[in-house]
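Q: Below is a structure I'd like to ask you about.
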Amino acid sequence: MAPDMSAIPQPSTRPARGLRRASRGVAGFVLTTAVTFLGLLAITFFIGRVVPIDPALAVVGDRATQEQYEAARVALGLDRPLFVQFLVYVGDVMTGDLGQSITTNRPVAEDLARVFPATLEMATLGILAGVLIGVPVGVWAAVRQGTWIDQVIRIFALMGYSVPAFWLGLVGLALFYAGLGWVAGPGRIDIFYDGLVEPVTGLLLVDSLIAGDFTVFGNAVSHIVLPATILAFFSLAYIARMTRSFMLDQLGSEHVTTARVKGLPEWKVIWVHAFRPIRVPLVTVIGLSYAQLLEGSVMIETVFSWPGIGNYLTTALLNADMNAVLGATLVVGVVFVAINRLSDVAYRLLDPRAKR
Amino acid sequence: MSAGPRPAPRSGLRDWLLAEAPSSRRQAALGSAYRTWSQLLRNPLAVAGGLIVLGLVLVAAFAPWIAPDTPYGQSLSERLMPPSAEHWMGTDELGRDILSRVIWGARITLMIVVLVAVISAPLGLLVGAVAGYAGGWVDKVLMGITDIFLSMPKLILALAFVAALGPGIENAVIAIAITSWPAYARIARAETLTFAQAEFIQAVRLSGAGHMRIVTRHVIPLCLSSTIIRVTLDMAGIILTAAGLGFLGLGAQPPLPEWGAMISRGRTFILDQWWVATMPGFAIILVSLGFCLLGDGLRDALDPKGRT
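Those sequence lines, one after another, are chains A and B. Heads up: the first sequence begins at 1 in full-length UniProt numbering, then just goes up one per residue. Heads up: the second sequence begins at 1 in full-length UniProt numbering, then just goes up one per residue.
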């Protein structure tokens with residue numbers, strides 16, 4: 001849950017000059033991304049191999065004869081060399097085959113496609129709130145460095161690294177749902193409204209608006225507001241901390257002093273001269289934070305019975321449904337890597353020093 | 001630097017420690033430790049963090065004497081009692097005193113944190129130092145593996161490992177350690193690269209030291225301070241992951257008084273008996289916050305570049 005504290009992106013010092021160099025950069029980028037994805041597959045494959053449960057034995061049962069057992073092993077491809085098994089696994093994943101879930105009796109890929117929008121919806125709301133609040137708060141703390149406001153914001157940001165997400169979820173439920181009755185309880189929507197709206201995007205808020213059903217929309221909002229706020233808290237803590245740190249660097253630099261000496265109004269010094277240069281590294285921070293929210297949603301979804309990928313993963317874990325566990329791990333890993341690489345690309349595109 | 005008259009010989013331990021020109025290696029080492037220490041003491045938040053961590057160690061060490069009850073002492077007639085003078089944190093569904101369980105749980109948390117650090121930090125240091133020192137294809141392969149692990153979300157990877165290895169506190173420790181070492185490898189490599197070609201390493205090599213000796217005796221010690229900072233900063237994350245695994249029923253198993261597992265048990269009663277789940281959470285927050293503050297302070301004292 002705790003985001004990488006040391007992940008302060010360094011400004012790229014390599015300007016890409018010329019088309020040849022740029023194309024080599026693209027090729028290198030594609031190659032490293034491919035290697036990372038292959039590595040991801042290797043990890044999930046390895047985890048699947050070290051499972052103490054013998055998959056062949058699981059198919060035929062304890063009473064099977066030696067021949068039946070061997071036949072099952074051959075049928076599952078377990079008699080082949082490990083390397084061949086890995087290639088088969090990679091081929092399967094490439095064609096979208098993640099195996100069958102033993103809990104839902106459906107292909108894992110189908111299950112994941114069904115639950116993913118719920119997670120996406122919550123994480124997106126979380127990151128939006130995190131950015132809209134975290135950035136101004138971080139700037140504020142930097143401008144008021146050393147004052148009590150700064151200290152309060154610092155402690156608050158550190159809380160984001162110290163509070164267990166599942167605990168905050170439980171306390172939130174006890175307080176705002178059971179105690180005050182301000183929000184709806186666990187789940188994505190009341191059973192009464194379930195299935196009323198035709199799924200178009202899978203995002204309930206968007207779908208209910210498309211259908212023009214504001215009752216469903218309101219109900220969905222009252223369900224999502226608490227878990228999304230809690231997720232937002234964690235991204236807010238990280239974003240505010242990073243913004244503060246970037247701003248402190250800028251506020252201490254000479255061009256800001258120059259702007260002050262010229263007699264510019266303070267808001268202009270802060271938001272134009274100090275804030276503009278940090279927009280680029282902030283993009284990377286926000287990207288990282290978004291990826292981490294997907295991870296953080298595992299705990300939140302479990303607490304709120306939110307039918308997303310995290311809940312799917314933990315349900316599968318408790319049922320020892322390894323295909324589902326590995327499939328969900330893989331999908332989260334791929335999204336995680338993809339967001340990280342994309343924020344990397346965005347960084348290079350936005351940083352004027354990286355332009356020709 | 002050498003301009004001006006040498007300061008007159010001063011007396012006192014403090015002056016000896018802060019001497020501009022230490023006369024022995026030991027004096028220099030103690031002097032720099034003292035400087036770090038006094039810088040740390042000037043930071044009130046770091047002191048608070050240090051005290052919290054010290055408190056955790058003391059509570060864990062003296063749990064049998066501090067706790068009013070044993071962690072397993074059931075009393076069904078007193079189940080689910082709210083916090084009172086007798087039970088400061090109330091009792092759980094089996095009438096066990098929650099305060100006592102939280103105090104005994106400090107031992108489990110401390111054990112997890114220490115074990116993860118002891119497994120993952122040396123592993124990361126070794127991988128990073130070897131990669132940075134050797135360079136070439138060794139560096140490429142080792143860092144490639146490191147990057148793949150780093151590119152995976154930690155909690156998810158730990159969950160998948162525990163799912164494969166089976167639930168339990170030992171497997172939780174192994175899973176968290178597997179997900180923690182890459183960060184240290186990265187740091188150790190970056191540090192190593194800054195002095196791998198330095199003259200003192202050349203000198204050691206020319207005097208006939210083997211690669212193994214250079215890495216373990218000369219490279220790794222220099223990577224230690226930044227790794228220690230990072231480990232301290234990571235402690236909060238390790239505690240939260242361990243508690244998360246416990247909460248999901250994949251880490252420490254009941255009746256062990258692990259804080260995450262206790263919150264999981266209290267989940268059923270959260271709407272009416274809020275204290276069962278809430279109290280262990282405060283312990284987690286306090287201890288994690290302590291490690292964060294201490295790590296922040298250590299970084300400010302040891303590495304002024306990375307101030308946040």
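Note that CB positions come from ideal geometry on N, CA and C, so glycine has one too.
#1: What is the rounded straight-line gap between the Cα of A:Thr108 and the Cα of A:Asp97?
#2: Give a yes or no on whether 8 Å exceeds the smallest Cβ distance from A:Val152 to chain B.
#3: By the 10 Å Cβ neighbour count, where 16 or more other Cβ atoms means buried, how is A:Ala157 classified, buried or exposed?
#4: So what's B:Gln39 in DSSP terms, helix, strand or just coil?
#5: Measure from the alpha carbon of B:Phe233 to the alpha carbon of each residue in B:Leu224, B:Ser288, B:Ala29, then state which is nearest.
#6: Does A:Met299 have its Cβ less than 8 Å from a Cβ in chain B?
#7: So, A:Pro307 versus A:Ala118, is the Cβ gap smaller than 8 Å?
#8: At a CB-CB cut-off below 9 Å, which residues of chain A make contact with B:Asp147?
#9: Check for me: the alpha helix (DSSP H) holding A:Asn219 runs from which residue to which?
#10: Give a yes or no on contact between the stretch 89-102 of chain B and the stretch 31-46 of chain B, applying the rule of three or more CB pairs nearer than 8 Å.
#11: If you run the structure through DSSP and keep just helix, strand and coil, what is B:Thr278?
#12: Just the C-alpha distance for B:Val181 and A:Asn219, rounded to the nearest angstrom, thanks.
#13: Run through DSSP, which three-state label would A:Gln66 get?
#14: A:Ile102 lies in the alpha helix (DSSP H); which residues open and close that run?
#15: Can you name the residues of chain B whose CB is closer than 9 Å to the CB of A:Pro164?
#16: Just the Cα atoms here: how many angstroms apart are B:Phe247 and B:Gly237?
#17: Determine, using beta-carbon pairs with one atom in the stretch 41-51 of chain A and one in the stretch 155-175 of chain B, whether at least three such pairs fall under 8 Å.
#18: Across which residues does DSSP place B:Asp97 in a beta bridge pair?
#19: Using DSSP with H/G/I as helix, E/B as strand and the rest coil, what is B:Ile284?
#20: Any Cβ of chain B within less than 8 Å of the Cβ of A:Asp158?
#21: Under 9 Å Cβ-Cβ, which residues of chain A neighbour B:Ile228?
#22: Could you tell me whether any Cβ in chain E is nearer than 8 Å to the Cβ of A:Trp167?
#23: Take every Cβ of the stretch 239-249 of chain A, pair it with every Cβ of the stretch 141-152 of chain A, and state whether three or more of those distances are shorter than 8 Å.
#24: Just checking my contact of A:Tyr290 with A:Ile191 at CB under 8 Å: how many whole Å lie between their CB atoms?
#25: Which whole-angstrom value describes the C-beta separation of B:Gly95 and B:Leu76, a residue pair presumed to lie in contact below a C-beta threshold of 8 Å?
#26: Am I right that B:Ala283 and B:Thr192 are in contact with their C-beta atoms under 8 Å? What's the rounded C-beta distance?
#27: My output table needs one value for B:Asp69: the three-state DSSP class, helix, strand or coil.
#28: Counting only beta-carbon atoms, is A:Gly28 nearer than 8 Å to chain B?
#29: Indicate whether at least one CB of chain B lies closer than 8 Å to the CB of A:Phe336.
#30: How many angstroms separate the CA atom of A:Gly202 from the CA atom of B:Ala63?
#31: Taking a cut of 9 Å between CB atoms, which residues from the stretch 264-278 of chain B lie near chain A?
#32: Which bits of chain A does B:Gly144 rub up against, with CB to CB less than 8 Å?
#33: Give me the chain A residues within the contact set of B:Phe161, using Cβ-Cβ distance strictly less than 8 Å, ordered along the chain.
#34: Can you list the alpha helix (DSSP H) stretches of 4 or more residues lying completely in the stretch 125-208 of chain A, in chain order?
#35: Taking all protein chains shown into account, decide if A:Gly181 is buried (16 or more other Cβ within 10 angstroms of its Cβ) or exposed.
#36: So what does DSSP say about B:Ala85, is it helix, strand or coil?
A: Short version:
#1: Walking along the first sequence from the start, residue 108 of chain A turns up at place 108. Walking along the first sequence from the start, residue 97 of chain A turns up at place 97. Thr is not the amino acid found at residue 108 of chain A; the sequence shown has Val there. Spanning the two alpha carbons is a distance of roughly 8 Å.
#2: As a first step, residue 152 of chain A must be located in the first sequence, where it is residue number 152. It does not: the Cβ of A:Val152 has no partner Cβ on chain B nearer than 8 Å.
#3: As a working note, residue 157 of chain A is residue 157 in the first sequence. Under this definition A:Ala157 is a buried residue.
#4: Taking the first residue of the second sequence as position 1, residue 39 of chain B is located at position 39. Of the three classes helix, strand and coil, the one that applies to B:Gln39 here is helix, per DSSP.
#5: On the second sequence, position 233 is the one that residue 233 of chain B refers to. As written in the sequence, residue 233 of chain B is Leu, which differs from the Phe given in the question. The shortest C-alpha separation from B:Leu233 is found at B:Ser288.
#6: Sequence index remark: in the first sequence, residue 299 of chain A carries index 299 (1-based). Answer yes: the Cβ-Cβ gap between A:Met299 and chain B drops below 8 Å somewhere.
#7: Taking the first residue of the first sequence as 1, we reach residue 307 of chain A at position 307. Taking the first residue of the first sequence as 1, we reach residue 118 of chain A at position 118. The answer is yes: Cβ separation under 8 Å.
#8: The residue given as residue 147 of chain B occupies position 147 in the second sequence. At a C-beta separation below 9 Å, B:Asp147 has these neighbours in chain A: Thr32, Val35, Thr36, Gly39.
#9: In the first sequence, counting from the first residue as 1, residue 219 of chain A sits at position 219. 214-251 is the extent of the alpha helix (DSSP H) around A:Asn219.
#10: no
#11: If you number the second sequence from 1, residue 278 of chain B lands on position 278. B:Thr278 falls in the helix class under three-state DSSP.
#12: Working through the second sequence from its first residue, we reach residue 181 of chain B at position 181. Working through the first sequence from its first residue, we reach residue 219 of chain A at position 219. One detail in the question is off: residue 181 of chain B reads as Trp in this sequence, not Val. C-alpha separation (whole angstroms): 44 Å.
#13: Residue numbering aside, residue 66 of chain A sits at position 66 when the first sequence is read from its first letter. In the three-state reduction of the DSSP assignment, A:Gln66 falls in the helix class.
#14: Looking up residue 102 of chain A in the first sequence gives position 102. A:Ile102 -> no alpha helix (DSSP H), and no H or E assigned at all.
#15: Residue numbering aside, residue 164 of chain A sits at position 164 when the first sequence is read from its first letter. Ordered by position in chain B, the residues that pass the 9 Å Cβ test against A:Pro164 are Ile239, Leu240, Ala243, Gly244, Phe247, Trp259, Gly260, Ile263, Gly281, Ile284, Ile285, Ser288.
#16: Here residue 247 of chain B refers to the residue found at position 247 of the second sequence. Here residue 237 of chain B refers to the residue found at position 237 of the second sequence. Approximately 15 Å between the Cα atoms of the pair.
#17: yes
#18: By one-based count along the second sequence, residue 97 of chain B stands at place 97. Paired residues: B:Thr91.
#19: What you label residue 284 of chain B is simply residue 284 of the second sequence in a count that begins at 1. Of the three classes helix, strand and coil, the one that applies to B:Ile284 here is helix, per DSSP.
#20: Counted from its first residue, the first sequence places residue 158 of chain A at position 158. Per the sequence presented here, residue 158 of chain A reads as Leu, with Asp not at that position. It does: the Cβ of A:Leu158 has a partner Cβ on chain B nearer than 8 Å.
#21: The residue you call residue 228 of chain B lines up with position 228 of the second sequence. Within chain A, no residue comes near B:Ile228; the closest Cβ sits about 13 Å away, beyond 9 Å.
#22: Annotation note: the requested chain E is absent from the structure, which comprises protein chains A and B.
#23: yes
#24: As a working mapping, residue 290 of chain A is identified with position 290 in the first sequence. As a working mapping, residue 191 of chain A is identified with position 191 in the first sequence. Contact doesn't hold; Cβ gap of about 31 Å is too wide.
#25: Along the second sequence, one-based indexing puts residue 95 of chain B at 95. Along the second sequence, one-based indexing puts residue 76 of chain B at 76. With 8 Å as the limit, B:Gly95 and B:Leu76 qualify as a contact, their Cβ atoms being about 5 Å apart.
#26: For this step, residue 283 of chain B is matched to residue 283 along the second sequence. For this step, residue 192 of chain B is matched to residue 192 along the second sequence. Not confirmed; about 38 Å, so no contact.
#27: What you label residue 69 of chain B is simply residue 69 of the second sequence in a count that begins at 1. In this structure, B:Asp69 counts as coil in the three-state DSSP scheme.
#28: Against the first sequence, residue 28 of chain A aligns to sequence position 28. False, the Cβ-Cβ gap to chain B never drops below 8 Å.
#29: As a working mapping, residue 336 of chain A is identified with position 336 in the first sequence. Closer than 8 Å to some Cβ of chain B, the Cβ of A:Phe336 qualifies, so yes.
#30: Translated into positions along the first sequence, residue 202 of chain A becomes position 202. Translated into positions along the second sequence, residue 63 of chain B becomes position 63. Taking the straight line from one Cα to the other gives about 51 Å.
#31: Against chain A - using a Cβ distance shorter than 9 Å - the residues of the stretch 264-278 of chain B are Ser264, Gly266, Arg267, Ile270, Leu271, Asp272, Trp274, Ala277, Thr278.
#32: Here residue 144 of chain B corresponds to residue number 144 of the second sequence, with the count starting at 1. The answer, in chain order, is Val35, Gly39.
#33: As a working mapping, residue 161 of chain B is identified with position 161 in the second sequence. By Cβ distance, chain A contributes Ile47.
#34: 148-162, 165-172
#35: For this step, residue 181 of chain A is matched to residue 181 along the first sequence. Label assigned to A:Gly181: exposed.
#36: Taking the second sequence and counting its residues from 1, one reaches residue 85 of chain B at position 85. Note: B:Ala85 maps to coil in three-state DSSP.
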